[in-house]
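Participant: In the numbering used here, the protein residues as written are 889 to 1206.
C-beta atoms are modelled at their ideal positions from N, C-alpha and C, and glycine is treated no differently.
Computed from a predicted structure; not experimentally measured.
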Amino acid sequence: MSFESASSALANTFASRPVLVTGGAGFIGSHLVRRMVTLGSNVISLGGNREDAELVVGAHYIFGDISRDTLETVDFVPQTVFHLAGGASVAASVEDPPVDFLKTVFSTVLLLDYLRRRWPAVQLVYVSSAAIYGEAIHKEASHDLACLPLSPYGVHKRQVEFLLLDHARMYRTQSVILRPFSVYGPGLRKQLLWDAMQKTDRGDSRFFGSGRELRDWVFVSDLVECLLQASEYASADVPVFNAGTCRGTSVREVLSELFSVAGIDIEPKFLGQHKEGDPERLVADNSIEAVLGPVFRTPLRTGLGAYVEWYRQRGVND
889 MSFESASSAL ANTFASRPVL VTGGAGFIGS HLVRRMVTLG SNVISLGGNR
939 EDAELVVGAH YIFGDISRDT LETVDFVPQT VFHLAGGASV AASVEDPPVD
989 FLKTVFSTVL LLDYLRRRWP AVQLVYVSSA AIYGEAIHKE ASHDLACLPL
1039 SPYGVHKRQV EFLLLDHARM YRTQSVILRP FSVYGPGLRK QLLWDAMQKT
1089 DRGDSRFFGS GRELRDWVFV SDLVECLLQA SEYASADVPV FNAGTCRGTS
1139 VREVLSELFS VAGIDIEPKF LGQHKEGDPE RLVADNSIEA VLGPVFRTPL
1189 RTGLGAYVEW YRQRGVND
């Protein structure tokens, strides 16, 4: 399907559709909510704190943890639920695994139980993570690769996937799982690119690792289109797709490109210190593009340019 045909199909599918986005105030979630509004959906974002939220005009927000009480305040029966809520940091999960478990696993238990009792016909799109693969030094991350996560974050994402499979088996819940790789773009206030821009503002060019670590970089707007199209594949079979480009770019290369786009004359220096929970290689072998066609269309340099522009303009809006 061509990009134009896919966009037209999405407009027809999501116009006026009631949609719930858990974690809609976060990085990926805010981009998804904004896109739903442009498509004419009736969208509610559930979760997060008002102080941290980037509010989208036209969307409705329910702040707080996912619970029976907050779910009861959703004033429609959603046709589609995009489940993005949960722990969002490998480092934070290593520091405090129980908190990450509560955010990721326990909140999903509550959501699935509510779906079973109140919204049994809903399409559930779960945004998991490529972190569930762990270390894949000798081959790219594919569905037949053993999942051996290196962090509580990855372990908990994997546990949610098992929960979805069990609910489908017992209650015929209709779900689809997406495993995004290294998502970046405007609004990202953590991880490598944010850290790099913050450091260069201070004249610091030192980074953890060797710089040879390989990542599969996915631009956030492309991921949003992927999630929307993938929603139609939700079923009791619980299909699983990698949301990756199948192209690996080293940390050194992406930093060099970032600094080039930003006009920063700095050469990144690597300390050789391994960061707990981070694999050496995390690149998709198979991708949802085999089903949907090309969805990860943004060239890396273009995406980095958009990130730099947002980073330098953020003070105007913060």
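1. Between which two residues does the alpha helix (DSSP H) carrying F1129 extend?
2. Quick one: give me the first and last residue of the alpha helix (DSSP H) that V987 is part of.
3. Does the Cβ of N937 have 16 or more other Cβ atoms within 10 Å, making it buried, or fewer, making it exposed?
4. Going by Cα to Cα distance, which pick from S1098, W1198, R1060, D1104 is closest to R1067?
5. Could you check what DSSP says for G1193 in three-state terms: helix, strand or coil?
6. Looking only at its chain, what residues have a beta carbon closer than 7 Å to the beta carbon of V1071, apart from the 5 residues adjacent to it on each side?
7. If we call anything under 8 Å between Cβ atoms a contact, is L1102 one with G1136?
8. With a cut-off of 8 Å, does the C-beta of R956 fall near any C-beta of chain D?
9. Could you check where the alpha helix (DSSP H) with S1148 kicks off and where it finishes?
10. In its own chain, which residues sit with a C-beta less than 8 Å from the C-beta of G1075, not counting the 5 before and 5 after it?
11. Is Q1117 helix, strand or coil by DSSP?
12. What's the C-alpha gap between Y1195 and M1058?
13. Going by DSSP, which residues form a beta bridge with Y1059?
14. Output the distance between the C-alpha atoms of A1029 and Q1117, rounded to the nearest integer angstrom.
15. Buried or exposed, going by whether 16 or more other CB atoms sit within 10 Å of the CB of D1211?
16. Between which two residues does the alpha helix (DSSP H) holding V945 run?
17. Using beta-carbon positions only, say whether L934 and I950 come within less than 8 Å of one another.
18. Please go through the same chain and pick out, in chain order, the residues whose beta-carbon is closer than 6 Å to the beta-carbon of R1004, but skip the five residues on each side of it.
Facilitator: Taking the definition as stated:
1. Per DSSP, F1129 belongs to no alpha helix (DSSP H); it is in the beta strand (DSSP E), 1128–1131.
2. 985–989
3. exposed
4. D1104
5. helix
6. I916, V1106, V1108, L1111
7. yes
8. Of the chains in the structure shown, none is chain D; there is only one protein chain.
9. 1139–1150
10. F915, S918, H919, E942, V1108, W1198
11. helix
12. 43 Å
13. Y1059 pairs with nothing; no bridge assigned.
14. Residue placement at A1029 is flagged as unreliable, the pLDDT there being 48, under the threshold of 50; a coordinate-derived value is accordingly withheld.
15. This structure gives no information on residue 1211, because the portion of the chain shown stretches from 889 to 1206.
16. Where V945 is concerned, there is no enclosing alpha helix (DSSP H), given that its DSSP letter is neither H nor E.
17. yes
18. Y1059
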